[in-house]
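> There's a structure below that I have some questions on.
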Amino acid sequence: MTIQQFIKENIIKLKGITDIPQKELYILLGFVMQKDFIWLTLNNLYILKEEYLDTLNKYVELRANAYPIEYITGVASFYSEEFEVRDGVLIPRPETEILIDKAYEILSKISSPKVLEIGVGSGIISTMLAKKIPDIKIIAVDINPKALELSLQNALKHQVADKIEFRLSDMFENVQGEYFDMLVSNPPYIASDFVLPKNVTYEPKEALFGGIKGDEMIISMIEECKDRNIKYFCCEMGYDQKEVFMKEFLKYECEFEFYEDYSGFDRGFTLEFKG
Ligand SMILES: C[S@@+](CC[C@H](N)C(=O)[O-])C[C@H]1O[C@@H](n2cnc3c(N)ncnc32)[C@H](O)[C@@H]1O
Numbered sequence: 000m001t002i003q004q005f006i007k008e009n010i011i012k013l014k015g016i017t018d019i020p021q022k023e024l025y026i027l028l029g030f031v032m033q034k035d036f037i038w039l040t041l042n043n044l045y046i047l048k049e050e051y052l053d054t055l056n057k058y059v060e061l062r063a064n065a066y067p068i069e070y071i072t073g074v075a076s077f078y079s080e081e082f083e084v085r086d087g088v089l090i091p092r093p094e095t096e097i098l099i100d101k102a103y104e105i106l107s108k109i110s111s112p113k114v115l116e117i118g119v120g121s122g123i124i125s126t127m128l129a130k131k132i133p134d135i136k137i138i139a140v141d142i143n144p145k146a147l148e149l150s151l152q153n154a155l156k157h158q159v160a161d162k163i164e165f166r167l168s169d170m171f172e173n174v175q176g177e178y179f180d181m182l183v184s185n186p187p188y189i190a191s192d193f194v195l196p197k198n199v200t201y202e203p204k205e206a207l208f209g210g211i212k213g214d215e216m217i218i219s220m221i222e223e224c225k226d227r228n229i230k231y232f233c234c235e236m237g238y239d240q241k242e243v244f245m246k247e248f249l250k251y252e253c254e255f256e257f258y259e260d261y262s263g264f265d266r267g268f269t270l271e272f273k274g
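Take a look at the structure:
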């Protein structure tokens, strides 16, 4: 079977799964054959070796069952950079780029900022902040040891591992007595009864579900920031949680701003405690 025939035969299998079935098939071909897109299109009459075909068919089958392509290729593009991704750790979402920009806006005005990230996952937030801010120090925690391994790997890949300390911690449990200018987090914020789309079911539940209502972890973080004198809190949230957090903020002397994602849904906030 040639590359061209492989594309023609399999495109239908991915049509209900992705808006870009042809592109994804080229990604899989490139990944398996270690060739770039230009080579693949210039050599579309190349006859695929049996060993390539076996692997490709296995991957198409997985993808046809909505298994994320990032878990197959082991990489995701985020903030125009490449990050390692692996099964058992949440895949970066484009909207989290906005959270980084919001945190950066504040941190760029603080000299030698100290930041805590709760729920580091693949490390995208801490790594990007460390790349953008030369004199930053970050403590990044997660309850998932796989996430800590992967985020260290990504920090090393982007040469910022010296600015980030990774720690296994359930929320603030292993972060005691340290000073931070900011808490940044993209925590789990989905309600426990929400039915996930099939592709998302392959991702770890502890990265997605934030409690019965979904807002519990964020409310607890707001309270902890106040108690621990952390002046700024930048956080991603669910599209329907603005009202709940607004009510929380009104309990404190603070300034806050909500922001939307690329689709126009409420997606997060920045909070500054006063006094
Ligand atoms: C939505 S993911 C975000 C991952 C990454 N920061 C990102 O933006 O892609 C939430 C992360 O929080 C971690 N997490 C969940 N509960 C936690 C807890 N109690 N303490 C620390 N981390 C937690 C999960 O393991 C997961 O890596």
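Take the sequence shown: its position 56, counting from 1, is numbered 55 in numbering that gives the first Met the number 0, and each next residue is one higher.
The beta carbon of each residue, even a glycine, is placed where N, CA and C say it ideally should be.
What does DSSP give as the partner residues of K113 in its beta bridges?
In DSSP, K113 forms a bridge with K136.
> Go through its chain and collect everything with a Cβ distance to P67's Cβ below 7 Å, but skip five positions before and after it.
Closer than 7 Å at the Cβ level, and outside the excluded window around P67, lie I90, N198 and Y201.
> What does the alpha-carbon distance come out to for the pair D239 and S79?
Each residue's Cα considered, the two are about 28 Å apart.
> In the DSSP assignment, find the alpha helix (DSSP H) that holds D180 and state where it starts and stops.
That residue, D180, is in no alpha helix (DSSP H); it is neither H nor E in DSSP.
> Between the alpha carbons of M170 and Y58, how many angstroms are there, rounded?
Rounded to the nearest angstrom, the two C-alpha atoms are 36 Å apart.
> Checking 7 Å against the spacing of the C-beta atoms, do A75 and G122 come in under that value?
Their beta carbons are not under 7 Å apart, which means A75 does not touch G122 by this criterion.
> To the nearest angstrom, report how far apart N173 and T17 are at their CA atoms.
C-alpha separation (whole angstroms): 41 Å.
> Looking at the secondary structure, which residues open and close the alpha helix (DSSP H) in which R62 lies?
Start and end: E49 to A63.
> Are there any heavy atoms of ligand 1 lying less than 6 Å away from the beta-carbon of M170, as far as the coordinates show?
Within the cutoff, so yes.
> With three or more C-beta pairs closer than 8 Å as the rule, is the stretch 151-167 touching the stretch 106-126?
Taking 8 Å as the limit for Cβ pairs, the verdict is that the stretch 151-167 does touch the stretch 106-126.
> If you run the structure through DSSP and keep just helix, strand and coil, what is E254?
E254: strand per DSSP, three-state reduction.
> Would you say D100 faces chain C, with C-beta separation under 7 Å as the test?
Of the protein chains in this structure there is only one, and it is not chain C.
> Verify the contact flag: A139, CB atom, against every heavy atom of ligand 1, threshold strictly below 6 Å.
Incorrect: A139 has no Cβ contact closer than 6 Å to ligand 1.
> Sorted by chain position, which residues of the same chain lie with C-beta nearer than 7 Å to I6's C-beta, five sequence neighbours on each side aside?
Cβ neighbours of I6 beyond the five flanking positions: Q21 and L24.
> Mind listing, in chain order, the continuous alpha helix (DSSP H) runs of no fewer than 4 residues lying wholly within the stretch 214-263?
You should have 215-226 and 241-248.
> Reducing DSSP to helix, strand and coil, say where I211 ends up.
It is coil, neither helix nor strand.
> Tell whether a beta-carbon distance below 7 Å holds between L270 and F232.
Their beta carbons are under 7 Å apart, which means L270 touches F232 by this criterion.
> Name the two residues that bound the continuous beta strand (DSSP E) containing G29.
Segment P20 to M32 is the alpha helix (DSSP H) holding G29; no beta strand (DSSP E) there.
> Work out the CA separation of I218 and K34 for me, nearest whole Å.
Cα to Cα, K34 sits roughly 48 Å from I218.
> Span of the beta strand (DSSP E) holding F171?
No beta strand (DSSP E) holds F171; DSSP gives it neither H nor E.
> What are the boundary residues of the alpha helix (DSSP H) that D100 is part of?
First-last of the alpha helix (DSSP H) with D100: T95 to L106.
> I need the straight-line Cα distance from L149 to Q3, nearest angstrom please.
L149 and Q3: Cα-Cα distance of roughly 36 Å.
> Do S184 and C224 have their C-beta atoms within less than 7 Å of each other?
No.
> Taking F208 as the reference, give the member of M236, D226 and Y51 with the closest Cα.
Checked all of M236, D226 and Y51; the closest Cα to F208 is M236.
> Please return the same chain residues whose Cβ sits closer than 6 Å to the Cβ of M181, not counting the five positions on each side in sequence.
Closer than 6 Å at Cβ, skipping near neighbours: V114 and Y231.
> In this structure, how does DSSP classify S121 when only helix, strand and coil are distinguished?
If DSSP states are grouped into helix, strand and coil, S121 belongs with coil.
> Is E69 helix, strand or coil by DSSP?
In this structure, E69 counts as helix in the three-state DSSP scheme.
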